[in-house]
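Residue numbers (my numbering): 149 to 375.
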């Protein structure tokens, strides 16, 4: 599709869901053949894509229309729309699929969503100076969420149970975007979007261990769960 932004794949690995920003659509792609099985109309400028762990629903954030479109994978149709603050970006689900966390860039907020009923539960304000929440990842024990703040240059560490930002890791990169965490929860990997680097951060201390030069404009990070 036109201007593909992000994608996710259910656990069975058979289908690729891709957001197409220019056309306001999500493409459903058969992985084996590479064929587009269906194109689904969603909100304006779709961005983040995340499949609920059970594969039953896909959440797609639509920046310009400030909503999350919920796709029913049994029918590949939009089943619900969740209103958000301005410019929702990324989504992450809890491991049990009961909660979803959605960052809003212009809203400086993380929304907590009931991922069963697809309803907003609460908002977590991100108070860091210049914060524009972008990427998000949960710690392996799911007690904390790490939120990259784009032009704010920082990572906010959210206490999930309390629903508050516990601390900030400052000076990560000029524009940290995508983020991943290792299986032991000790290390964060951050895409430094405008500095063309992968930043490796100690999650406990916030100290940058290393910066690795990469290609221009790195956007996302995935950390393998393999050995």
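For every residue, glycine included, the Cβ atom is placed at its ideal position computed from N, Cα and C.
Residue i vs residue j beta-carbon contact at 7 Å
i           : j           : result
residue 308 : residue 294 : no
residue 191 : residue 217 : yes
residue 264 : residue 282 : no
residue 254 : residue 235 : yes
residue 215 : residue 232 : yes
residue 168 : residue 152 : yes
residue 339 : residue 354 : no
residue 248 : residue 258 : no
residue 342 : residue 290 : no
residue 174 : residue 184 : no
residue 250 : residue 239 : yes
residue 154 : residue 170 : no
Integer-rounded CB distance, given that residue j should sit under 8 Å from residue i
i           : j           : result
residue 364 : residue 347 : Residue 364 to residue 347, Cβ: 16 Å. No contact.
residue 361 : residue 345 : 6 Å
residue 333 : residue 287 : 5 Å
residue 306 : residue 314 : 7 Å
residue 176 : residue 186 : 4 Å
residue 272 : residue 221 : With a Cβ gap of about 28 Å, residue 272 and residue 221 do not count as contacting.
residue 370 : residue 330 : Actually they do not touch by this definition, with Cβ atoms about 12 Å apart.
residue 300 : residue 277 : 6 Å
residue 230 : residue 266 : 6 Å
Cβ-heavy atom distance, residue i to the ligand GTP, below 6 Å
i           : result
residue 356 : For the structure depicted, the ligand GTP is absent and the ligand set is empty, with no information on it obtainable.
Strand pairing of residue i, partner residues [DSSP]
i           : result
residue 324 : 340
residue 171 : Note: residue 171 sits in no beta bridge, so no partner.
residue 160 : In DSSP, residue 160 forms no bridge with anything.
residue 345 : 340 and 361
residue 315 : 305
residue 329 : 336
residue 351 : None, per the DSSP bridge assignment.
residue 178 : 163
Chain D within 7 Å of residue i, Cβ atoms only
i           : result
residue 195 : Protein chain content of the structure displayed is limited to a single chain, and chain D is not contained in it.
Quick check: the segment 203-210 against the segment 162-181, are there 3 or more CB pairs under 8 Å?
-> Contact between the segment 203-210 and the segment 162-181 is present, because at least three Cβ pairs lie under 8 Å.
Hey, which unbroken runs of the beta strand (DSSP E) at 3 residues or more fall wholly within the segment 184-272?
-> Counting only runs of 3 or more, we get 184-189, 194-199, 205-210, 215-220, 225-231, 236-241, 247-252 and 257-262.
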